[in-house]
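When we follow the numbering used here, the leftmost residue of the sequence shown carries the number 25, and every step to the right adds one. Think of the CB as a built atom: it goes at the ideal place given N, C-alpha and C, for glycine as much as any other residue. Predicted, not measured: the structure shown is a model, and the values here were computed from it. A short worksheet on the structure shown next.
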Amino acid sequence: MVTDYAEIAKDVAALGAPPNLADYQALRADWNWDDIIAELDLPGGSYNLAHECIDRHANGDRGDKIAMIYEATDGEVTNYTFKDMQREANKWANAITDLGIEKADRVFFFTDRIPELYFAIFGTLKRGAIIAPLFSAFGPEAVMERIRRAEGVMVVTTPNLLSKIDAIRDDLPSLEHVVVIGHRQGVEAGEGNLDYMEMTEGASEEFENEQTGSEDWSVMHFTSGTTGLPKGAAHVHNAVIGHYATGKHVIDLHEDDIYWCTADPGWVTGTSYHMFAPWSNGVTNLVYEGGFGAGRWYEAIQRHNVTVWYTAPTAIRMLMKAGVDSARQRDLSSLRYVMSVGEPLNPEGVLWGQDAFDLPIHDNWWQTETGAIMIANYPSVPIRPGSMGLPFPGIEPAIIDDQFNEITEPDQEGQLALKPGWPSMFRTYWNDQDRYDSRFQGGWYLTGDRAKRDADGYYWFVGRDDDVINTAGHLVGPFEVESVLIEHEAVAEAGVIGKPDPVAMEIVKAFVSLKEGYEQTPQLRRELMGHARQRLGPGVAPREIDFLDSLPKTRSGKIMRRLLKARELGLPEGDTSTLEDD
Ligand code: ATP
Ligand code: MG
């Protein structure tokens, strides 16, 4: 791990907007979830994500405020107010109620980022049914497996994706309704399908929400599948407490912010932080339909005056690849705060933000299962590049040993665990209660990640349990080695595995992809080996380095080390439903 990190001192007054969380230690000491609950609406004691995100603003002072700025792939921009969102969500809620969709039914969403997706998601939550979003890039097998396991009754899709549903429909006895949103392309739903426009056109604009309680189901998300078969983590409406609280104190949302979260709705950041955190805080939210492109992304920030930006390490590494000048050429001065989640953010990435945007990038840690951010770097707290940061107030993490005892000494590696009971905690893995129960032991929720805590309480990610390498008696976290490799100017991305070895048990093996303009030569390999040995010492530095054109990643952008390992060893690849196309 980098130990000579520079602390980036912050002048809170110069941040552009005084942070909501001005004094971390004081808030942590005084934390009471009831104070957050008191800031929500919760009519008649009910908890409903759609009410807290849409209705309470639509019915109150923010009715005519822009909730969603939608930029389509063709560049056309349409704004929707909170009242617009409410009206459209109500129409959808009425339409599905007429169809017989019931509380806790599973409704799947398999569309690109178009406005109807958001209307239908909130309308479904109003009805009290469970939303289950999927990546639009999934193939038919991945879609089928998820709908089958969750016994989905409806899938909402678009004409360009319909053939994937047609291919699997007969194999899904639970699936009663296929809804097609076709009007944007002027395409009809087709026989046997329902047409979104026809369903909602005549529907009433008023809807009385299902009186969902805090423990009623709301969202089901399949995990990213980085370590194996994706698990269907199911959440309840109570999670809105966590979305709102972290939206306020980590994402630091202010009334006048223009917020952009680049996550796809197919993974949990795409609901918790692309929808629920900004909208429960009543903030204007950019929905950018297009895909990644450094230039295009910078232009979107510039065009919409984005102030707060939440993205992922994989995107940051791609931006880094495009070069600092590409950022510097644009006027990105609207930005005041940048964050990252999904994988560890290498120290190099944190500092690159400073070069490119005059803003360091704030890493934070959480999982599908935790529903909301658990550990974070906050605007008012000095960043330690490479660290996930400090626990969210009200969250009690610990480093534990194999017997589930807390390790209190600093800088000791162990499993990262959380004291159960935070508001946004998942409540089951759908149809897999045993696996759920196995994650709670010794009074802890076991995250499956390994980490260390330093003397000041900052948490440092080491690796996933399955990824940690045991080499000649040392435990080596892949992140540490990868971070050193990407410090080298030629390296774009690095993935590190343990390769079985008769003497050392495992040796450290690295796979790297190079930035444009660099060639995969034996000389460069030697240079990288030398760089790593110098920074890490011979015990930890990779003994082998292979060049790859790109590393295998999940759709949410995480490096799939298990696949690197399976390929290296010629073993079966296991579930690859979340693997990104090459
Ligand atoms: P699966 O559980 O199916 O193997 P996954 O764990 O990648 O997939 P997610 O819930 O999307 O599914 O990801 C959560 C995991 O991502 C965390 O447990 C951690 O390993 C990693 N992660 C997320 N954010 C960070 C971060 N800031 N630093 C380090 N690791 C992170
Ligand atoms: Mg996981």
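Between which two residues does the alpha helix (DSSP H) harbouring residue i extend?
i: K107; result: F106 to L123
i: A166; result: P164 to A174
i: D59; result: W57 to I61
i: T338; result: P337 to A346
i: M92; result: It is not in any alpha helix (DSSP H) - M92 instead sits in the beta strand (DSSP E) that spans I90 to E95.
i: A53; result: Y48 to D54
i: R585; result: R585 to L593
i: I510; result: P502 to E511
i: V264; result: V264 to H273
i: V374; result: P371 to F381
i: T148; result: P139 to R151
i: L548; result: P546 to L560
i: Y627; result: This structure cannot settle anything about residue 627, because the visible part of the chain is limited to 25 through 606.
i: L186; result: L186 to D190
Give a yes or no on whether the C-beta atoms belonging to residue i and residue j are separated by under 8 Å.
i: D79; j: Q110; result: yes
i: L343; j: A351; result: yes
i: K107; j: G87; result: yes
i: V177; j: V131; result: yes
i: D473; j: R459; result: no
i: I275; j: Y312; result: no
i: L359; j: T331; result: yes
i: L509; j: A475; result: no
i: W454; j: A174; result: yes
i: P576; j: K533; result: no
i: T97; j: G314; result: yes
i: M412; j: I399; result: yes
i: L499; j: W468; result: no
i: V202; j: I189; result: yes
i: E543; j: T578; result: no
i: K539; j: E530; result: no
i: I74; j: L149; result: It should be pointed out that residue 74 corresponds to Ala in this sequence rather than to Ile. A contact, by the Cβ cut-off of 8 Å.
i: A257; j: T392; result: yes
i: L356; j: Y402; result: no
i: C77; j: W284; result: no
i: G249; j: D599; result: yes
i: H298; j: A287; result: yes
i: P371; j: G317; result: no
i: H259; j: F464; result: no
i: A227; j: D219; result: no
i: Y71; j: G210; result: no
i: V362; j: I385; result: yes
i: G497; j: S448; result: no
Counting along the chain, where does the beta strand (DSSP E) carrying residue i start and finish?
i: E568; result: E568 to F571
i: E530; result: M529 to L538
i: Y483; result: Y483 to R488
i: A258; result: G256 to V260
i: I154; result: I154 to P157
i: I521; result: V515 to D525
i: A475; result: W468 to R477
i: F450; result: Here F450 belongs to no beta strand (DSSP E), and DSSP marks it neither H nor E.
i: R130; result: R130 to F134
i: I78; result: Careful: I78 lies outside any beta strand (DSSP E) and carries neither H nor E.
i: N494; result: I493 to T495
i: T181; result: M178 to T181
Distance cutoff 8 Å, beta carbons only. Does residue i sit that close to anything in chain C?
i: A50; result: Absence of chain C from the displayed structure is noted, only one protein chain being present.
Practice prompt. With a floor of 3 residues, list each beta strand (DSSP E) that falls wholly inside the segment 389-448, ordered by position along the chain.
Written response: DSSP runs (the beta strand (DSSP E)) wholly in the segment 389-448: 421-424 and 438-442.
Worksheet item: Between the segment 192-200 and the segment 142-149, are three or more C-beta pairs nearer than 8 Å?
Response: no
Item to complete: Identify every run of the alpha helix (DSSP H) within the segment 193-247, keeping only runs that are complete inside it and at least 4 residues long; order them along the chain.
Response: 220-225
Worksheet item: Within the chosen definition, does the segment 576-590 reach the segment 518-535 through at least 3 CB pairs nearer than 8 Å?
Response: yes
Item to complete: Let me know the beta strand (DSSP E) ranges lying completely inside the segment 279-363, each 3 residues or longer, listed in chain order.
Response: DSSP runs (the beta strand (DSSP E)) wholly in the segment 279-363: 282-285, 308-312 and 332-335.
Worksheet item: When the Cβ atoms of the segment 394-413 are set against those of the segment 427-439, are three or more pairs found closer than 8 Å?
Response: no
Discussion item. Could you check whether the segment 224-243 touches the segment 410-418, counting it as contact only if at least three pairs of C-beta atoms, one from each stretch, sit closer than 8 Å?
Written reply: no
Discussion item. I'd like to know if the segment 151-163 and the segment 83-96 are in contact, where contact means that at least 3 CB-CB pairs between them fall below 8 Å.
Written reply: no
Discussion item. Check whether the segment 240-250 and the segment 261-268 touch, using three or more Cβ-Cβ pairs below 8 Å as the test.
Written reply: yes
Worksheet item: Using 8 Å as the Cβ pair cut-off and three pairs as the minimum, do the segment 357-377 and the segment 501-513 touch?
Response: The segment 357-377 and the segment 501-513 touch, with no fewer than 3 CB-CB distances between them shorter than 8 Å.
Worksheet item: Just checking, does the segment 286-298 make contact with the segment 53-72 on the three C-beta pairs under 8 Å criterion?
Response: no
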